[in-house]
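Q:
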Ligand code: ACM
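Numbering (my numbering), first residue to last: 42 to 716.
Given below as structure tokens:
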């Protein structure tokens with residue numbers, strides 16, 4: 042009876058169209074047809090699945106039921122049933138044909154049909170089931186009648202087969218729990234490749250049983266054991282995610298040489314690099330022993346990582362050691378190798394044959410694309426779209442990372458606008474098919490386990506949508522609406538992107554109230570691109586990454602919302618925005634006194650005062666602008682000159698950070714000027 046009533050009420054109010062406009066799906070599925078019915082989730086909800094809890098689908102259902110119950114607290118039945126319990130709903134029937142293989146191009150589609158009291162999730166593989174369950178969880182809503190899912194039919198499949206996240210575990214190490222929580226987050230947004238960047242100048246991060254001095258001397262003790270790697274691979278596999286290892290050679294390889302200096306093109310000794318940048322040490326590509334070593338080592342790693350793709354890096358080898366080494370120069374003359382590019386190509390050819398012997402496909406960064414590179418090598422394009430195009434036109438599969446460098450802290454809209462296969466690339470259909478997809482890259486110069494999650498999430502969800510959803514899903518405001526929801530949802534599986542910020546603030550503030558610090562941090566972003574490296578801070582792995590730019594989030598939401606309010610007022614002449622703008626500005630103006638009470642006794646907060654004072658000044662100009670736009674005759678030349686000067690000053694970086702509301706206040710200021 043209750044169910045009948047609910048159905049009737051829902052039909053009367055016909056909530057589907059509104060729900061459709063306001064849906065919370067991310068990435069947006071390929072096809073969504075909203076229905077009128079309501080699937081009520083109550084205590085009787087159960088899953089119908091002919092499988093064990095140890096299978097990929099079974100494990101996914103176990104996680105699904107736990108998450109659903111954690112949200113609804115309905116004490117949902119955690120068993121799987123072979124057929125609907127008592128023949129009545131609400132139940133979710135799960136059906137798939139076979140176990141999915143972890144390789145690009147594997148069937149990932151699923152369909153979800155949700156009507157009055159039954160939901161059916163179907164897929165060709167259990168990987169599709171993993172995705173479909175995530176979609177179901179994103180559909181769960183509630184109102185005064187309880188928890189429910191709006192009736193819907195979804196047919197979904199990804200646009201690109203390669204939807205990756207690179208985590209650099211070398212510049213700063215990411216312990217296993219950082220990796221697993223990020224794998225869970227990837228699964229939430231249907232990403233399917235975890236690319237682990239495992240060796241660098243600053244660290245060698247995996248146990249080698251064949252050459253143990255690699256990890257014992259090259260890692261400062263921070264490395265994954267092979268057992269841990271197996272655990273990560275299984276954890277990822279359970280969520281339909283492949284793990285692709287990268288060993289970056291011949292450059293970016295100082296950490297290898299600490300234990301095995303004979304591999305290098307110059308004598309050594311070597312120590313683990315602490316600074317960041319491009320360094321000289323490089324492998325000697327002319328020595329037989331180099332390949333003997335690499336053959337053994339790469340074979341060991343090929344056996345450990347089941348994925349058919351294997352990344353050998355190959356970027357930014359500056360060739361300095363090669364130029365300075367007489368034997369290498371002699372070798373090049375003798376073998377008619379004309380330059381360092383050709384020499385690296387020769388080196389790559391040797392790597393390729395080792396990998397082929399191990400039945401692997403080689404991936405490398407743009408730089409490995411040299412004449413003679415066999416077609417089955419895959420290019421990861423980081424330098425620009427030209428590289429992507431060149432690789433595809435030369436017949437290589439290619440993965441786009443240029444434009445997805447999340448370490449450069451660009452806003453989500455910019456990442457979202459970056460399409461791996463834009464029409465202006467003018468590729469043929471066959472060339473287009475070679476674009477496998479893209480990878481967000483979390484380079485770790487400036488991140489630690491404390492703040493890595495907040496550099497990855499939520500912005501990577503925008504990239505995930507670009508890689509999964511149809512190309513015409515590109516409305517920025519709607520992306521941000523859903524991204525803000527996703528941001529909170531990501532916490533459900535343990536990502537620490539939000540909670541760690543307050544922890545970091547509390548650490549500095551000691552026992553003080555952190556609100557004044559938070560008020561400032563909320564409108565600050567770390568400097569973008571590579572600008573932080575040119576502000577006079579001698580960055581190295583030794584530094585504490587606990588300062589303002591390490592705490593502030595990329596793409597500050599509060600600044601974004603404030604900008605929208607200002608645009609509403611200035612561009613759309615909507616004066617209702619004024620009240621909210623004024624409230625914000627007053628809060629910022631008054632914040633400094635509160636902050637100063639804390640900072641005066643905390644040396645680590647001294648630097649914050651300058652930015653806080655700038656915020657105070659900017660807010661005051663904003664408030665004055667609001668007043669003057671009511672009566673423009675009060676605008677004086679002196680006020681204009683002073684305000685202009687202050688706004689310009691406030692737009693400059695302070696402590697490798699920038700105040701993100703200056704541009705918006707500038708908009709108010711300009712608007713207040715007599716026309
Ligand atoms: C790279 O960013 N050097 C691949």
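C-beta: ideal position from N, C-alpha, C; glycine also.
Given the structure is predicted, the values throughout are model-derived calculations rather than measurements.
Is it the case that the CB of residue 357 approaches a heavy atom of the ligand ACM more closely than 7 angstroms?
A: In the chain shown, the residue the question calls residue 357 occupies position 316. Yes, the ligand ACM has a heavy atom inside 7 angstroms of this Cβ.
Q: Could you check whether the Cβ of residue 423 sits closer than 7 angstroms to any heavy atom belonging to the ligand ACM?
A: Here residue 423 refers to the residue found at position 382 when the chain shown is read from its first residue. Correct: residue 423 has its Cβ closer than 7 angstroms to the ligand ACM.
Q: Taking 7 angstroms as the line, does the beta carbon of residue 680 fall inside it for any heavy atom of the ligand ACM?
A: Walking along the chain shown from the start, residue 680 turns up at place 639. Outside the cutoff, so no.
Q: When the Cα atoms are used, what is the spatial distance from residue 225 to residue 666?
A: Position 184 of the chain shown, counting from 1, holds the residue named residue 225. Position 625 of the chain shown, counting from 1, holds the residue named residue 666. Cα to Cα, residue 225 sits roughly 47 angstroms from residue 666.
Q: Return the chain-ordered list of same chain residues with a C-beta closer than 6 angstroms to the C-beta of residue 357, the five sequence neighbours on each side being excluded.
A: What you label residue 357 is simply residue 316 of the chain shown in a count that begins at 1. Answer for residue 357: 292 and 319, listed in chain order.
Q: Does DSSP put residue 236 in a helix, in a strand, or in coil?
A: Indexing the chain shown from 1 puts residue 236 at position 195. Reduced to three states, the DSSP call for residue 236 is strand.
Q: Taking the alpha-carbon of residue 108 as reference, which of 439, 533 and 618 has the nearest alpha-carbon?
A: Residue mapping note: residue 108 aligns to position 67 of the chain shown, counting from 1. Closest by alpha carbon: 533.
Q: With respect to the beta strand (DSSP E) encompassing residue 196, which residues constitute its N-terminal and C-terminal limits?
A: As a first step, residue 196 must be located in the chain shown, where it is residue number 155. From DSSP, the beta strand (DSSP E) with residue 196 extends over 187-197.
Q: Is residue 54 helix, strand or coil by DSSP?
A: The residue given as residue 54 occupies position 13 in the chain shown. Its pLDDT being 46, under 50, residue 54 is placed unreliably in this model, and the coordinates cannot settle the point.
Q: In whole angstroms, what separates the C-alpha of residue 191 from that of residue 625?
A: Counted from its first residue, the chain shown places residue 191 at position 150. Counted from its first residue, the chain shown places residue 625 at position 584. For residue 191 and residue 625, the distance between alpha carbons rounds to 36 angstroms.
Q: Sorted by chain position, which residues of the same chain lie with C-beta nearer than 6 angstroms to residue 141's C-beta, five sequence neighbours on each side aside?
A: In the chain shown, residue 141 corresponds to position 100, counting from 1. So the qualifying residues of the chain are 147, 166, 167 and 168.
Q: For residue 471 and residue 480, I'd like the C-alpha separation in whole angstroms.
A: What you label residue 471 is simply residue 430 of the chain shown in a count that begins at 1. What you label residue 480 is simply residue 439 of the chain shown in a count that begins at 1. Each residue's alpha carbon lies about 21 angstroms from the other.
Q: Find out if the Cβ-Cβ distance for the pair residue 122, residue 171 is shorter than 8 angstroms.
A: By 1-based counting over the chain shown, the position of residue 122 is 81. By 1-based counting over the chain shown, the position of residue 171 is 130. Cβ atoms of residue 122 and residue 171: not closer than 8 angstroms.
Q: Sort 519, 462, 450 and 428 by Cα distance to residue 501 and report the nearest one.
A: Stepping through the chain shown from its first residue, residue 501 is reached at position 460. Ranking 519, 462, 450 and 428 by Cα distance to residue 501 puts 450 first.
Q: Enumerate in chain order the residues of its own chain whose CB-to-CB distance from residue 46 is below 7 angstroms, with the five nearest sequence positions on each side excluded.
A: Working through the chain shown from its first residue, we reach residue 46 at position 5. With a pLDDT of 48 at residue 46, under the threshold of 50, the modelled position of this residue cannot be trusted, and the question is left open.
Q: Hey, would you say the C-beta of residue 649 is under 7 angstroms away from at least one heavy atom of the ligand NAD?
A: The model on display carries the ligand ACM but not the ligand NAD.
Q: Check whether the segment 328-338 and the segment 248-255 touch, using three or more Cβ-Cβ pairs below 8 angstroms as the test.
A: Segments in contact, yes.
Q: So what does DSSP say about residue 719, is it helix, strand or coil?
A: Nothing in the structure corresponds to residue 719, since the chain is present only between 42 and 716.
Q: Counting only the same chain and skipping the five closest in sequence on each side, list residues whose C-beta sits under 7 angstroms from that of residue 607.
A: In the chain shown, counting from the first residue as 1, residue 607 sits at position 566. Closer than 7 angstroms at the Cβ level, and outside the excluded window around residue 607, lie 622, 705, 708 and 709.
Q: What ranges does the alpha helix (DSSP H) occupy inside the segment 581-664, keeping only unbroken runs of at least 4 residues that lie completely in it?
A: The segment 581-664 contains these whole alpha helix (DSSP H) runs: 589-592, 598-611 and 618-640.
Q: Report the residue from 116, 482, 95 and 71 whose alpha carbon sits nearest the alpha carbon of residue 83.
A: Translated into the one-based positions of the chain shown, residue 83 becomes position 42. Comparing Cα-Cα distances from residue 83 to each of 116, 482, 95 and 71, the minimum goes to 116.
Q: Following the continuous beta strand (DSSP E) through residue 207, name the residue where it begins and the one where it ends.
A: For the purposes of this step, residue 207 is identified with residue 166 of the chain shown, where counting begins at 1. First-last of the beta strand (DSSP E) with residue 207: 203-209.
Q: Can residue 203 be considered in contact with the ligand ACM, in the sense that its beta carbon sits closer than 7 angstroms to one or more heavy atoms?
A: Position 162 of the chain shown, counted from the start, is the residue given in the question as residue 203. No, since every heavy atom of the ligand ACM falls outside the 7 angstroms radius drawn around the Cβ of residue 203.
Q: Excluding the five sequence neighbours on either side, which residues of its own chain have a C-beta within less than 8 angstroms of the C-beta of residue 419, listed in chain order?
A: Position 378 of the chain shown holds residue 419. Here the set comprises 350, 402, 403, 404, 405, 437, 438, 439, 440 and 477.
Q: Mind listing, in chain order, the continuous alpha helix (DSSP H) runs of no fewer than 4 residues lying wholly within the segment 483-518?
A: You should have 493-497 and 500-509.
Q: If you follow the beta strand (DSSP E) that residue 166 is part of, which residue opens it and which one closes it?
A: Indexing the chain shown from 1 puts residue 166 at position 125. Element bounds for residue 166: 159-166.
Q: Would you identify the three-state DSSP class for residue 213, choosing helix, strand or coil?
A: Along the chain shown, read from residue 1 onward, the residue named residue 213 stands at position 172. In this structure, residue 213 counts as coil in the three-state DSSP scheme.
Q: Can you name the start and end residues of the beta strand (DSSP E) that residue 744 belongs to?
A: Any property of residue 744 remains undetermined from this structure, which presents the chain solely from 42 to 716.
Q: What residue range does the alpha helix (DSSP H) around residue 706 cover?
A: Position 665 of the chain shown holds residue 706. Element bounds for residue 706: 703-713.
Q: Quick one: what's residue 724 bridged to in DSSP?
A: The shown model of the chain, from 42 to 716, leaves out residue 724, and the question about it has no answer.
Q: What residue range does the alpha helix (DSSP H) around residue 393 cover?
A: For the purposes of this step, residue 393 is taken as residue 352 along the chain shown, with counting starting at 1. Here the alpha helix (DSSP H) through residue 393 covers 381-398.
Q: Does the contact criterion of 3 or more C-beta pairs under 8 angstroms hold for the segment 195-208 versus the segment 147-161?
A: Result yes; three or more Cβ-Cβ pairs closer than 8 angstroms.
Q: Does DSSP classify residue 549 as helix, strand or coil?
A: As a position in the chain shown, residue 549 is number 508, starting the count at 1. Reduced to three states, the DSSP call for residue 549 is helix.
Q: In angstroms with no decimal places, state the Cα-to-Cα distance between residue 80 and residue 443.
A: Counted from its first residue, the chain shown places residue 80 at position 39. Counted from its first residue, the chain shown places residue 443 at position 402. Using only the alpha carbons, I get a separation of about 43 angstroms.
Q: Alpha carbon to alpha carbon, how far is residue 174 from residue 60? Give it in angstroms, no decimals.
A: Working through the chain shown from its first residue, we reach residue 60 at position 19. Working through the chain shown from its first residue, we reach residue 174 at position 133. Distance between the alpha carbons of residue 60 and residue 174: 19 angstroms.
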